[in-house]
Structure formats: C-alpha cells, structure tokens
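Trainee: So that we are looking at the same thing, I have put the structure below in structure tokens.
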Amino acid sequence: MKSFLICLLSLCAATSAYARDFYVRNSAIDIERYRYFIELNDQNSQIKVKALVKLRSVQSVNAIELDLGGVDQSGKGMLVSAVSFLDQKLSHQQTGDKLKIQLPSASTVNDALELVIEYEGEPRSGLHISKNKFGERVFFADNWPDQGRQWLVSVDHPSDKAAVEFIITAPEHYAVVANGLKIEESSLAGGRKLTHWREDVALPVKVMVIGVARFAMQESAKLNDVSITSWVFPQNRNEGFHDYRVAIKALDFFQKNIGPYPYKKLANVQSKTRFGGLENANTIFYFENSVTGKGEQEALIAHEIAHQWFGNSATENDWHHVWLSEGFATYFTNLYLEHTYGRERFVKHQLANRDKVIRYHQKVVRPIVDVTIEDPKNVLSPNTYEQAGWVLHMLRQELGDEIFWRGIRHYYAKFAEKNAMSADFQASMEHVSGKDLSQFFQQWLYQAGYPKLGVEWRFDSVKKELHLKIEQLQSQAQFDFPLEFATQSDDAQFQLHSVRIQNSLSEFKIPMQSLPKSISLDPMVKLLFEAKIERK
50 MKSFLICLLS LCAATSAYAR DFYVRNSAID IERYRYFIEL NDQNSQIKVK
100 ALVKLRSVQS VNAIELDLGG VDQSGKGMLV SAVSFLDQKL SHQQTGDKLK
150 IQLPSASTVN DALELVIEYE GEPRSGLHIS KNKFGERVFF ADNWPDQGRQ
200 WLVSVDHPSD KAAVEFIITA PEHYAVVANG LKIEESSLAG GRKLTHWRED
250 VALPVKVMVI GVARFAMQES AKLNDVSITS WVFPQNRNEG FHDYRVAIKA
300 LDFFQKNIGP YPYKKLANVQ SKTRFGGLEN ANTIFYFENS VTGKGEQEAL
350 IAHEIAHQWF GNSATENDWH HVWLSEGFAT YFTNLYLEHT YGRERFVKHQ
400 LANRDKVIRY HQKVVRPIVD VTIEDPKNVL SPNTYEQAGW VLHMLRQELG
450 DEIFWRGIRH YYAKFAEKNA MSADFQASME HVSGKDLSQF FQQWLYQAGY
500 PKLGVEWRFD SVKKELHLKI EQLQSQAQFD FPLEFATQSD DAQFQLHSVR
550 IQNSLSEFKI PMQSLPKSIS LDPMVKLLFE AKIERK
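Pasting the structure below:
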C-alpha cells in the first residue's frame, strides 16, 4: 500500500514484540456486514448516512461501542441523530471518535443483531471532497490507516473484517465506483442517481472505498472470469486506458504464483489520494498524475495489485505487523519485475531498496515490528517497505526458490480472507521447510538495524592464503548470517566464496594461489548490509 509520495518518520524505540496493540478492541462482538446508504450533493461537503451494521455477539453485552468521528471545534465531524434495533430507538452517546450504543437488554452469545444508525456531517478525513486536476468536483475515500471512522461508523481496525455494501445517491452526472460488483444503477427524480456496489468477501475498513467523479471506464480484459477495468478522468481517457492495461500482466503473474485472486473484479482508478497508490480491495486508487500515456507506473500498479493477496485478503491482525502487507507488496513487485524483465531489473530494484534502508537508518534505528508505535500512521517507513522486502529476499536465499514459493502459497492459502501475525508467517515457512527459523525472524524482524561491517583483507604470499578480518560495527545486537564474496584474479577470473558471520569479530584464512586483483562483497545481491572494505 501506499507507495510513498512522502516518507513518514517515527523516532520510536523498540521493546518487546509482544506488547499490546494500542487500539482498544471489543472482543465481545464481530461485525459481519456494513450497508451504507450515503447521500452526496454539489452544494456543500455535508453527507447524510444511514448505516445498517450487522453483527454477532461473541459474548453477552449490554452496550456496543463503534468508531465514528464526532463533531469537533471546527464544526466538522459526524453527528448521530438516531440509533435503532428492530424499530426500537436506542440510547446512544458520542464521545470523541467513539459511539456507545445501549442495547434494550443484554445480548446472549451468538445473537445476531442489526443496528440502524443515522448521522450526517462534513467528514474531517476519510472521504475527501475536492477538485481534480481538471477542476472538476470529486469524492474519493482515503481510509488508510484508521480514517474510515471519520465518515463510516465501523470497527476501524484490521482485526475485524466484514462484508460491505455502498448505496450512493448523487447528482446524475457522476459515476460511482466502489468495492465489489455493481448490482444496481437507477435514475431518480430531481436529477439524482442511485448506484449500489456490493462486496461479500470480508474486508478491513482500511480498504473499503468509494470514488465519485466524471469517469471514462473501459474493461481491459477478463482473466479467469475476473473483470479488469480502468476508471480514468475523461480528459485523459486514452492515456489512462493505455497506462492501466499493464494490470493484466501483474494480475496474471500473482494468480499463477500465489493463489487464486480473492475478488471478482479489479478496478484501477485515477483518483485524488494522499499516496502514490492505495490498495483498496479490488478498487485500487492511483494518484491523478499516474496517467501520462507513457506507461511509467508499472511497478506502482504491480505493488498495489500484490496487496490484494497480502494486506487485503491475508490481513495483519494489528498495525505493528504491517510489514506482512507492505514488505510483501514491495518484494513481490520486484519478483514480478524479475519475471517480466529479467534478473538485471530485479537487482536494480533490490540495490535501490537497500540504499534507501541505509539512508533511513542514518536518522532512525528501530525494528521492523516496533510495538511502541501508538499512532498507526507511523508504522509506515522504509523499515516496513524496503527493509521488510529484504527480509523476504534473505528468507528466499535461506530456503531456496522452490521451498520459498511453497511456503508463500501455504501461508496465503491458510490465511486468505483471515488475519495473521508475523508468527503465523514464520510457522508456515517452518512447516514447509522443516527448519527452525526462530533466529532468522528474531534478528531480522524484532531486532533493530542490520549488519554494518568493517572488512580488512591481506594476502599471505608464502602460505598462499587470503586473510579476512570481518567486524560487526553496528551499535545494536550482533547478527548471524552467511556472507558471500568474490575474488578476481589477474586474468579476470572470478571465484565465489562464502563464510558464516556469527560473532562481533570473525577471521578467516582461505587458500588461494595468487594475490586477488579485487574483492567484492555480496556479488549475487543476497544480503541487507553495508560495509567498508580495506586492504592491509
């Protein structure tokens, strides 16, 4: 998700990987479906919503608490006018971003309830009403990470996934796109139009979405009965249809290598978004200048499509494990580019990602899974994108291609349409490989930093030995890893060597017939590290 237009930095330090999630969860209920009836207009930024929230009691409860952004000092926010259950009005209270609803009597375990909640107001966030680059009024949802609550009454946390329907009433000159399949479009009196989209696969609120604008729409292809469409502004219709067609190749690659696509359609939408791309389930939003007619955003498109498996279907169970979404999308984009354009393109992206991690760690040093972060917006960084992608790459080297891909498919098959934590992914890879990977995951996910090496070498011409002295210089804990290096002889012949680094200082003596012309570290691009190498 969110290929960055800006880099979000957080200066948090890490503690135990098992600290609590800062979102206070209500484990007593499980949301099963949302139905949002939403009225939009061209006169102002006020919206009217009637929400039907279908839930099941996991435990007996007297009251239900949902997320909804209340009216703040600026006058923006949602004001609830009525809550009912079986046509009976219920007492309710809004405090901050919470809506507490008192039930007429305590529910029993496994009770099915459907609450009707009516509210209106101007969203503070979540649904952005503005103008696109052509000066036309548009409405685009931008829920990530927890801004859905600012316009959708919900449990706005990735652990509680639900089916969703959007029934949008808007002026008739707008087209509406949203999650799922369109099941109705009807003209209404007074120049209005109703559009109904329905998604039956359970989604986290972060990837529920609507887009309302003047659109040109084209179906690019059908792939295994999945309709692939492009939704672009009419003024750049031809350019947009051309640029977004590349989605066909990416979808095909991921379906063949990960598992069946989890939805019935894939819409690629030109939009107004804070991010380069936003991986809303089956309805991906891209920044409006992604359309140029030059096909420049293939990597971005592949990244957001990869999210349909990782993040949308197999969803992290709390924000601290967002690398299961972003790191996967980052690395699987590179795997797609490797498949499509070859090894050289893959290596180029891996090296660029490594450089970005190194630059980031000059300012911030923290683990990928950093449980001290309280605001979910701050979980996004090169740690959870590029460094996490490197963890997957190193795992691939550890296990080999065949076992790595088997592990990926096992993990996805087990957690498709469910929630997962890092330990679940580790368990899948251990199950398939038969290896204990606890040290690997501990040092690369929960330990801050990466190896920073000081390497000294000299050649003993008498004993015909290459002497290597390798020191781990990072101030954080030491790492245990294989390190490859290549030596070049005078006749331009290369020889590949491998050593295991386990201590703060390691020394090796390697038989060699003549003085190497040069030594290069990690020539096959397998390791996240930085190093200074010096001949003594």
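Here the sequence shown stands for residues 50 to 585, where the numbers follow our numbering. C-beta: ideal position from N, C-alpha, C; glycine also. All of these numbers come straight from a predicted model, not from anything done at the bench.
(1) Please identify the residue among 571, 477 and 498 whose C-alpha is closest to the C-alpha of residue 409.
(2) Return the CA-CA distance between residue 33 and residue 367, expressed in angstroms with no decimal places.
(3) Ordered along the chain, which non-local residues of its own chain (more than five positions away) have a Cβ less than 7 Å from that of residue 442?
(4) So what's residue 110 in DSSP terms, helix, strand or just coil?
(5) What does the Cβ neighbour count give for residue 93, buried or exposed, with the cut at 16 atoms within 10 Å?
(6) For residue 512, count the other beta carbons within 10 Å of its own beta carbon; 16 or more makes it buried, fewer makes it exposed. Which is it?
(7) Looking at the structure shown, is residue 573 part of a helix, part of a strand, or coil, going by DSSP?
(8) Under 6 Å Cβ to Cβ from residue 162, same chain only, skipping five residues before and after it: list those, please.
(9) Since residue 465 contacts residue 363 with CB under 8 Å, what's their CB separation in whole angstroms?
(10) I'd like to check one pair, residue 223 with residue 629: are the Cβ atoms closer than 8 Å?
(11) Let me check understanding here. Comparing Cα to Cα, which of 198, 407, 352 and 373 lies closest to residue 383?
(12) Determine whether the beta carbon atoms of residue 572 and residue 541 lie at a separation below 8 Å.
(13) Under the three-state reduction of DSSP, which class applies to residue 136: helix, strand or coil?
(14) Could you give the C-beta distance for residue 97 and residue 165, rounded to a whole number, given that I count them as a contact under 8 Å?
(15) Nearest-angstrom Cα distance between residue 303 and residue 372?
(16) Between the alpha carbons of residue 471 and residue 330, how many angstroms are there, rounded?
(17) Kindly indicate which residue of 551, 565, 473 and 518 has the alpha-carbon position closest to the one of residue 537.
(18) Report all residues from its chain with a CB closer than 7 Å to the CB of residue 186; omit the five preceding and five following residues, and keep chain order.
(19) Please report the distance separating the alpha-carbon of residue 62 from that of residue 436.
(20) At 3 residues or longer, and completely inside the region 238 to 288: list those beta strand (DSSP E) runs for me, N to C.
(21) Is residue 292 near residue 344, with beta carbons less than 8 Å apart?
(22) Relative to the alpha-carbon of residue 81, which residue among 89, 95 and 102 has its alpha-carbon at the smallest distance?
(23) Does the region 258 to 267 touch the region 213 to 231, meaning 3 or more C-beta pairs lie closer than 8 Å?
(24) Pull up the distance between the alpha-carbon of residue 245 and that of residue 429, whole angstroms please.
(25) In or out: residue 113 buried (at least 16 other Cβ within 10 Å) or exposed?
(26) Based on the DSSP output, what are the partners of residue 505 in its beta bridges?
(27) DSSP three-state call for residue 425: helix, strand or coil?
(28) How far does the alpha helix (DSSP H) with residue 318 in it extend, from its first residue to its last?
(29) Could you please give me the residues that DSSP links to residue 324 through a beta bridge?
(30) Are the beta-carbon atoms of residue 146 and residue 119 separated by less than 8 Å?
(31) For the candidate residues 388, 434, 315 and 378, whose alpha-carbon lies nearest to that of residue 405?
(32) Can you give me the Cβ contacts of residue 234 inside the same chain, cut-off strictly under 6 Å, excluding the 5 residues immediately before and after it?
(33) For the beta strand (DSSP E) containing residue 544, list its first residue and its last residue.
(34) Express the C-alpha separation of residue 431 and residue 583 in angstroms, rounding to a whole number.
(35) Using the three-state DSSP reduction, which class does residue 82 fall into: helix, strand or coil?
Mentor: Judging by the given coordinates:
(1) 498
(2) Summary: the structure shown does not reach residue 33, with the chain confined to residues 50 through 585, and so no result is reported for it.
(3) 380 and 399
(4) coil
(5) exposed
(6) exposed
(7) coil
(8) 104
(9) 6 Å
(10) Since the first and last residues shown for the chain are 50 and 585, residue 629 lies out of range.
(11) Nearest neighbour of residue 383 by Cα position, chosen from 198, 407, 352 and 373, turns out to be 352.
(12) No, they are not a contact pair.
(13) coil
(14) About 14 Å separates the two Cβ atoms, so there is no contact after all.
(15) 18 Å
(16) CA-CA distance, residue 471 to residue 330, rounds to 22 Å.
(17) 565
(18) Within the same chain, residue 186 has close Cβ partners 91 and 180.
(19) Residue placement at residue 62 is flagged as unreliable, the pLDDT there being 36, under the threshold of 50; a coordinate-derived value is accordingly withheld.
(20) 241 to 252, 259 to 262, 265 to 272 and 275 to 281
(21) yes
(22) 102
(23) yes
(24) Approximately 33 Å, taken between the alpha carbons.
(25) In the assembly as shown, residue 113 is a buried residue. Its beta-carbon has 16 or more other beta-carbons within 10 Å.
(26) DSSP lists 518 and 583 as partners of residue 505.
(27) helix
(28) Premise fails: residue 318 lies in the beta strand (DSSP E), 314 to 320, not in any alpha helix (DSSP H).
(29) Looking at the DSSP assignment, residue 324 forms no beta bridge with any residue, so it has no partner.
(30) yes
(31) 434
(32) 244
(33) 543 to 550
(34) 29 Å
(35) Note: residue 82 maps to strand in three-state DSSP.
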